[in-house]
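Quick note: the sequence shown uses the numbering used here, first residue 1427, plus one each step.
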Amino acid sequence: MGIGRHTGFWLAVLGAIVLLLWLLSPILLPFVLGMALGYFLDPVVGWLTHRGLSRSTAAGVLILGSVGLGALATILVTPLLVDQAADLARDLPDALATVFHWLQPYVARVMAGARHTPAGDLTAPLTDATQRAIGGATGLIANLLTQGLAVINVVTLLAVTPLVAFYLLRDWPRIVTEIDGWLPRTHADTIRAQCREIDRVLAGFARGSFLVCLVLMLFYALALTIVGLDFGLVIGLTAGAVSFVPYLGFLIGLVSSVGVALYQFWPQWGWVLVVLGIFLFGQVVTDYVLTPRLVGSQVDLHPLWVIFAVFAGAALFGFVGMLIAVPACAVIGVITRFAIARYQASAFYRGTEPP
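Laid out in structure tokens, this is it:
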């Protein structure tokens, strides 16, 4: 089989996998989370098996322990989160209406000056636009909540995710051996070397990102609570938890917290600036301290590629795509660097290929 047929075969396999994932994207979330949990806990299972436990016992103990800790944290934190989330959903339309009413005179003056139209003539259309915006925002929030409950089904997550993680942890050596037996013998060593490099990159990224998210969750939640911001706990925990997607947690936290601060503290601009400073400080620390030290150069990707990966993943697979965008981009980066190195070592690149 020539190089052209080799390339066509692997491209066909890759296309089939992407198509299958796209078709199954609505049900992938618990499996993705289960695989992520299994990947995190696999080193611990290996450590326990070296001390006499079977993989089944070690996997069962770790999964049950993780579920127990998660349930305990949920029991302790959920009542407060639910109260704040309910209050936020109840007060958000009024907050949006207040912001629109604050902005309406300024917008009217700008439009009047630009079009030489009396400001009073703009009151009716601006009021109509305000009502439409409030209604649209309320409908969007309700739609997102409905879709979120449909996609992130709590019962499914709690039932399927631990099972996926347990079976992966228990059967991982057998799965690796089975897949290794499928590799073409002439290229097996090369494929194994690239898989080890991918594992190194993903391990560094995953564990570093987990620590970054944990630090940001604690910082945002504590800082906003100390300031006295309404819903500060839920905003801080949410912003920190989704910070594994570059800049998503920062944007969500910044917009929501500053909006709530304007509604709560107006006209005391000092407190609004304090809330703004919390998120700017958090982002600066993330970019220049946490990410370089905890994640480092493991992913070795330009920020533009990372942002593009997040948007592409969201467009293709929705929320699941955003979860796997950066790890998938890291894997593609490893394969691309290997392909470029092989190309640069080829006779075709050096210009010594025989005619």
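Every residue, glycine too, gets a C-beta built ideally from N, C-alpha and C.
Given 7 Å as the limit, tell me if residue i has its C-beta closer than that to any heavy atom belonging to the ligand PLP.
i	result
LEU1644	In terms of ligand content, the structure shown is empty, and the ligand PLP therefore cannot be addressed.
If you run the structure through DSSP and keep just helix, strand and coil, what is residue i?
i	result
THR1692	Position check: residue 1692 holds Trp in this sequence, whereas Thr was assumed. Here TRP1692 sits in coil by DSSP.
HIS1542	Confidence in HIS1542 is poor, its pLDDT being 49 and thus under 50, which makes the residue's placement too unreliable to answer from.
LEU1655	coil
LEU1642	helix
GLY1759	helix
ILE1567	With a pLDDT of 47 at ILE1567, under the threshold of 50, the modelled position of this residue cannot be trusted, and the question is left open.
VAL1458	helix
HIS1390	The chain is shown only over 1427 to 1781; residue 1390 falls outside these bounds and no answer can be derived.
ARG1596	helix
LEU1479	coil
VAL1471	helix
THR1603	helix
THR1433	helix
THR1778	coil
ALA1771	coil
SER1451	helix
TYR1673	coil
VAL1493	helix
VAL1668	coil
From residue i to residue j, what distance separates their C-alpha atoms?
i	j	result
ALA1640	ALA1614	In the sequence as presented, Ala is not what sits at residue 1640; that position holds Leu. Computed Cα separation, rounded: 38 Å.
GLU1604	GLY1708	45 Å
LEU1594	VAL1487	14 Å
THR1475	ALA1591	17 Å
GLY1406	TRP1695	An answer regarding residue 1406 cannot be provided, because it is not within the stretch 1427 to 1781 covered by the chain.
LEU1644	GLY1634	16 Å
THR1587	PRO1531	52 Å
ALA1485	GLN1690	48 Å
LEU1479	LEU1463	20 Å
PHE1705	PRO1729	20 Å
LEU1459	GLY1654	34 Å
LEU1490	PHE1435	42 Å
LEU1450	THR1483	32 Å
GLY1597	GLY1607	In the sequence on display, residue 1597 carries Asp and not Gly. Approximately 16 Å between the Cα atoms of the pair.
LEU1702	GLY1662	13 Å
LEU1446	LEU1609	22 Å
PHE1466	GLY1472	11 Å
PHE1457	ASP1468	16 Å
LEU1699	LEU1680	11 Å
ARG1414	PRO1672	Given a span of 1427 to 1781 for the chain in the structure shown, any question on residue 1414 remains unanswerable.
THR1612	ARG1768	16 Å
VAL1439	ARG1600	23 Å
VAL1602	LEU1720	28 Å
ARG1622	LEU1674	30 Å
PRO1666	MET1461	It should be pointed out that residue 1666 corresponds to Gly in this sequence rather than to Pro. Taking the straight line from one Cα to the other gives about 22 Å.
ALA1751	ILE1652	34 Å
TYR1714	THR1664	22 Å
GLN1770	LEU1454	38 Å
LEU1566	LEU1727	Residue confidence for LEU1566 is low, a pLDDT of 45 falling below 50, so the modelled location carries little weight and cannot support an answer.
ALA1738	ARG1477	44 Å
LEU1642	ARG1431	49 Å
SER1669	VAL1711	13 Å
Give a yes or no on whether the minimum CB-CB distance between residue i and chain C is below 8 Å.
i	result
LEU1640	As a matter of chain content, chain C is missing from the structure shown, which is built from one protein chain.
Fill in: Meets three-Cβ-pair contact criterion under 8 Å: the region 1772-1779 and the region 1646-1658
no
Item to complete: Just list the alpha helix (DSSP H) runs in the region 1699-1753, keeping only unbroken ones of 4 residues or longer that don't cross its boundaries, in chain order.
Response: 1729-1743
Worksheet item: Any chance the region 1731-1751 sits against the region 1678-1687, with 3 or more Cβ pairs inside 8 Å?
Response: no
Fill in: Segment contact flag, the region 1613-1631 with the region 1748-1763, C-beta cutoff 8 Å, min 3 pairs
yes
Fill in: Sufficient close CB pairs (3 or more, under 8 Å) joining the region 1739-1751 to the region 1759-1767
no
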